[in-house]
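First comes the structure, then the notes that go with it.
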Ligand SMILES: Cc1cc2nc3c(=O)[nH]c(=O)nc-3n(C[C@H](O)[C@H](O)[C@H](O)COP(=O)(O)O)c2cc1C
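Residue numbers (the UniProt record's numbering): 1 to 224.
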């Protein structure tokens, strides 16, 4: 069983990356045979869908897959062959980062069949999870409608791969290593630090549990 994690944050070692590592740790703890890989999307050079429509060309060599020759091509092939995908993204302007969005366009669109009566061209159902990290509190996130905003993208996992993604939110994150160096007086640093000490470990534990749960679900989908 293989699970691939996609880090949509430019910051290695920070909130989103840590949540993804915890998820993969949980996956390996659930079954030592689980193969895991974490890809930092900002290390790759690619764009979103270029609308070349090679993936829709009748009888074409890349029908149903994205063969655009850039830094996403190998990863897209690996994702199609994986059993689980976990995406992590900081929230940027109420949404996932452009880097993750671009990759998901390339992942979903080739599998989106334009042939009447057919929905997905994905080779097999796949389990997925979305991990979001953000500055706002959970109450603010809900009041601002982030979950509704994110639901459209999440829905493409169900449509394409047959299962809705598991959802995890880490709210009110610790954003700077030293708040005193930045103009950031809208935040209460002491409250942020308390939250970091008390809540973030719980968020990591939830990510670990979600990783275990994904392995359990995959094992049921594909009994040995
Ligand atoms: C360009 C930019 C836009 C952001 N927009 C939002 C936002 O709309 N809502 C929010 O709650 N946090 C926002 N944030 C804060 C990040 O989502 C938050 O700090 C996140 O946990 C960072 O993840 P990281 O530590 O993995 O990089 C933004 C940060 C940046 C740099």
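Heads up, the beta-carbon is just placed ideally off N, CA and C, and yes, glycines get one too.
Specify the secondary structure class of residue i as computed by DSSP and reduced to three states.
i: residue 7; result: strand
i: residue 55; result: helix
i: residue 169; result: strand
i: residue 188; result: coil
i: residue 61; result: coil
i: residue 69; result: coil
i: residue 179; result: helix
i: residue 131; result: strand
i: residue 95; result: strand
i: residue 86; result: strand
i: residue 107; result: helix
i: residue 118; result: coil
i: residue 136; result: coil
i: residue 163; result: coil
i: residue 222; result: coil
i: residue 228; result: The chain is shown only over 1 to 224; residue 228 falls outside these bounds and no answer can be derived.
Contact defined as beta carbons within less than 8 Å: I believe residue i pairs with residue j. What is the distance between those atoms, to the nearest angstrom?
i: residue 160; j: residue 114; result: Not a contact, Cβ separation roughly 14 Å.
i: residue 4; j: residue 85; result: 6 Å
i: residue 34; j: residue 1; result: 5 Å
i: residue 133; j: residue 97; result: About 11 Å separates the two Cβ atoms, so there is no contact after all.
i: residue 106; j: residue 171; result: With 8 Å as the limit, residue 106 and residue 171 do not qualify as a contact, their Cβ atoms being about 29 Å apart.
i: residue 31; j: residue 215; result: 5 Å
Item to complete: Would you list the residues whose beta-carbon is nearer than 5 Å to any heavy atom of ligand 1, in the order they occur in the chain?
Response: Any heavy atom of ligand 1 within less than 5 Å of a residue's beta carbon puts that residue on the list, which reads 9, 11, 14, 15, 16, 90, 91, 92, 93, 94, 133, 134, 135, 136, 173 and 175.
Worksheet item: So does the segment 54 to 67 actually touch the segment 21 to 30, counting three or more Cβ pairs closer than 8 Å?
Response: Counting C-beta pairs with one atom in each stretch, the segment 54 to 67 and the segment 21 to 30 have fewer than three that are closer than 8 Å, which means they do not touch.
Discussion item. Is it the case that the segment 187 to 195 contacts the segment 150 to 166, given that we only count it when at least three CB pairs across the two stretches are under 8 Å?
Written reply: These segments do not touch.
Practice prompt. Would you check if there are 3 or more beta carbon pairs closer than 8 Å linking the segment 195 to 214 to the segment 141 to 160?
Written response: No, the segment 195 to 214 is not in contact with the segment 141 to 160.
Discussion item. For the pair the segment 61 to 74 and the segment 10 to 20, tell me if three or more CB-CB distances fall below 8 Å.
Written reply: By the Cβ test, the segment 61 to 74 is not in contact with the segment 10 to 20, since fewer than three Cβ pairs between them sit closer than 8 Å.
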